[in-house]
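Let me begin by presenting the structure, written as structure tokens, before commenting on it.
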Amino acid sequence: MNVKLKLTYKGPKTTSINFESEWIDEEHFDVLLQDIMKTGRFNDITILDEMEREWSMKEYGKLKKKQEVEPTNAHIYFDGGYHLDSGIAGIGIVIYYNKGKDNYRYRLNAQLEQLENNNEAEYAALYYAIQNLEEIGIKSQLIKVTGDSQGVIKQLEGEWPCYEDVLNRWLDRIEEQIKNLGLKVNYEIVSRKQNKEADKLASQAILGEIIQSHMKIN
């Protein structure tokens with residue numbers, strides 16, 4: 001998570017000046033904050049998170065303790081595939097997240113029927129990925145979603161229109177889930193090679209190789 005500082009500086013012979021920092025990686029934030037506090041010249045300190053919530057110093061301390069036991073920094077990779085001859089679709093989902101100082105990876109795939117094409121499989125993959133965030137316990141935070149489907153991501157970002165009714169229904173479901181979980185999403189489009197973990201899971205699902213694992217990683 002990244003945070004910003006909003007604070008007021010008052011030197012011995014100066015008037016008060018308000019400052020707002022750039023985004024700071026939370027990993028480095030506590031040391032910086034300690035240095036600022038040592039000067040004794042800053043007050044009215046407010047911490048702003050990526051969900052645009054403002055925290056006092058005391059509230060931020062409570063938030064940090066809460067984050068030690070709750071999952072944060074979720075990063076979804078998703079992919080969908082479709083076998084034309086059999087009409088079978090496969091979806092692949094990988095979710096990386098943190099809990100305190102520990103890192104976790106959740107991998108799963110599924111074989112789906114009654115989908116129409118590869119595009120629909122891509123939407124279904126993202127829908128089920130976000131659905132699994134709720135099972136992990138991720139809500140009311142910023143997440144990152146990465147995939148190689150330009151259409152899905154551009155349409156969710158509102159940059160491209162969607163003219164197909166079946167895909168619009170998936171869009172509505174995805175957006176409703178995001179809203180219900182109180183999430184804010186940063187999207188990233190990558191090549192299929194960069195999305196190989198989710199792509200492989202989707203291909204395995206089409207072949208009937210069903211995988212689900214949830215583990216702590218280094």
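Residue 1 is where the sequence shown starts when you use full-length UniProt numbering, and the numbers rise one by one after that.
By construction, the Cβ of each residue, glycine as well, lies at the ideal position given by its N, Cα and C atoms.
Q) Among the residues of its own chain, which have a CB less than 6 Å from the CB of residue 206, if the five just before and after it don't count? A) 81, 83, 88, 90
Q | Selected residue, minimal CA-CA separation from residue 71, among 19, 60, 127, 96 | A | 96
Q. What are the start and end residues of the beta strand (DSSP E) that includes residue 49?
A. 42-49
Q) Run through DSSP, which three-state label would residue 155 get? A) helix
Q: Return the first residue and the last residue of the alpha helix (DSSP H) that residue 65 is part of.
A: 57-67
Q: Could you check what DSSP says for residue 39 in three-state terms: helix, strand or coil?
A: helix
(Q) Distance check for residue 67 and residue 208, CA to CA, integer angstroms please. (A) 38 Å
**Q.** the stretch 183-202 in contact with the stretch 132-146 per 3-pair CB rule at 8 Å
**A.** yes
Q | Three-pair Cβ contact test at 8 Å for the stretch 3-17 versus the stretch 38-52 | A | yes
Q.
For residue 161 and residue 155, what's the separation of their Cα atoms in angstroms?
A. 6 Å
Q. In three-state terms, what does DSSP make of residue 211?
A. coil
**Q.** Start and end residues, alpha helix (DSSP H) containing residue 105
**A.** Careful: residue 105 lies outside any alpha helix (DSSP H), inside the beta strand (DSSP E) at 102-112.
Q.
Excluding the 5 residues flanking residue 168 on each side, which residues of the same chain have their C-beta closer than 8 Å to its C-beta?
A. 162
Q.
Residues in the same chain with beta-carbon distance under 7 Å from residue 228, minus the five sequence neighbours each way, listed in chain order, please.
A. One cannot answer for residue 228 here, as it falls past the ends of the chain, which runs 1 to 218.
(Q) Does chain D have any CB closer than 9 Å to the CB of residue 189? (A) This model lacks chain D altogether, as it is built from one protein chain only.
Q. What is the C-beta distance between residue 219 and residue 132, in whole angstroms, given that I count them as a contact (C-beta under 8 Å)?
A. Summary: the structure shown does not reach residue 219, with the chain confined to residues 1 through 218, and so no result is reported for it.
Q: Apply the 10 Å Cβ neighbour rule to residue 53 and answer buried if 16 or more other Cβ atoms are within range, or exposed otherwise.
A: exposed
Q | Which listed residue (40, 98, 92, 139) has its alpha carbon closest to that of residue 178 | A | 139
Q) Which partner residues does residue 25 have in the DSSP bridge list? A) 2
Q) So which of 105, 86, 152, 39 has the shortest CA-CA distance to residue 74? A) 105
(Q) Counting C-beta neighbours from all protein chains within 10 Å, is the total for residue 27 16 or more, i.e. buried, or is it exposed? (A) exposed
Q) Is residue 183 helix, strand or coil when you go by DSSP? A) coil
Q. How far does the alpha helix (DSSP H) with residue 199 in it reach, from first residue to last?
A. 196-206
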